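In this text, residue positions in the sequence shown follow numbering that gives the first Met the number 0: the first is 0, and each later residue adds one.
For each residue, glycine too, the CB sits at the ideal point set by N, CA and C.
As the structure is a computational prediction, the values presented were derived from the model and not from experiment.
See structure below.
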Amino acid sequence: MSEIVLYDAAGVPSPRRVRICLLEKGLPFTVKWLNLGLMDQKRPDFLKINPTGLVPALVHDGRTLYESNVINEYIDAVFPNPPLVPKDAYGQARMRMWFAFENDFAKPFRDCAYETLGKERLQSTGITPEKLREEISKRTKNEAYIRFATRVLLTPRDDELLAERHLLLLEKMESMEQQLADGRPWLCGEHFTLADIALAPRVDMFPIIGIADIYQRFPHIGKFMERVKARPSWEASGFRPEPGESERRIEPLAA
Ligand SMILES: N[C@@H](CCC(=O)N[C@@H](CS)C(=O)NCC(=O)O)C(=O)O
């Protein structure tokens, strides 16, 4: 089997989907770390792999792929066991509707992530705006990214914006809660699929972006997340880079 390389970053939800999928499939892979705060994801060499300038991206057999759910469907097609995609057309449509549902709240989630996690991380490094400019300029010539990162570094948390985005996110969680209320174990029914992998990493981060009581508000989502977290792929996919680490080899989970 040929090499699988995953372009990844610390503590963000989208690449975790691909890690979970690869671990569920029992595949070894190499993670290459990008520093999102310093805009590694906008480097010209990385934009050749993923022109959207985001993680994750995957290289397999000389082929490049991006978009976590697209990558996961590719992995499932190339490595069909155990299956993570429903066999029937409607099951597949339901799975992809969950992808769209998640994608729909990714934008307000991202705004919150930059207000909380993004600002905390960058501001706690103690980097000066001048040094930040110098570092980002080594990676991209696009002034827009420098301005954006400088705002993340210098502006305090915008609680009004956060509160507004939380209202949007809670509306989406209410819908997910209602759909799980029929007692199904997984989002598409009886079987664990890529839909569950698409939703869980982002839902898990709600407390970090300021919605601490998500599982009290939405008990069916709480039970769903307990089921996801009981799978060995959850814990095994939660790793982060060590200081100075540029890549890491991940071996398959023991059967
Ligand atoms: N729909 C994309 C979303 C990818 C995405 O938003 N990635 C975030 C991390 S979770 C990122 O790379 N952020 C860096 C940036 O915004 O420049 C996917 O599922 O792959």
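Own chain partners of residue i with C-beta closer than 8 Å, once the 5 adjacent residues on each side are dropped
i       : result
Val-54  : Tyr-6, Asp-7, Ala-8, Val-11, Ser-13, Pro-14, Leu-33, Leu-35, Gln-40
Ser-245 : Lys-31, Trp-32
Leu-167 : Phe-104, Pro-107
Ser-136 : Ile-145
Ile-126 : Glu-134, Leu-152
Glu-189 : Arg-183
Identified DSSP bridge partners for residue i
i       : result
His-59  : Ile-3, Arg-62
Arg-93  : None; Arg-93 has no bridge partner.
Thr-29  : Val-4, Arg-248
Trp-233 : Looking at the DSSP assignment, Trp-233 forms no beta bridge with any residue, so it has no partner.
Gly-188 : Trp-185
As assigned by DSSP and simplified to three states, the class of residue i
i       : result
Glu-170 : helix
Arg-146 : helix
Gly-117 : helix
Gly-221 : helix
Glu-241 : coil
Other residues of its chain near residue i: CB distance less than 6 Å, five sequence neighbours each side excluded
i       : result
Gly-214 : Per the sequence presented here, residue 214 reads as Tyr, with Gly not at that position. Counting only Cβ-Cβ distances below 6 Å, and skipping sequence neighbours, we find Gly-221.
Leu-121 : Gly-36, Val-151, Leu-152
His-219 : Glu-176, Leu-179, Ala-180
Glu-101 : Ala-197, Leu-198
Glu-23  : Ser-232
Spatial neighbours of residue i in its chain, beta-carbon cut-off 7 Å, leaving aside the 5 residues before and after
i       : result
Gln-91  : Val-84, Pro-85
Ile-207 : Thr-115, Leu-116
Residue i beta carbon near ligand 1 (any heavy atom closer than 7 Å)
i       : result
Val-11  : yes
Asn-80  : no
Leu-35  : yes
Arg-18  : no
Glu-66  : yes
Leu-53  : yes
Gln-178 : no
Asn-71  : no
Asn-141 : no
Gln-215 : no
Ala-105 : yes
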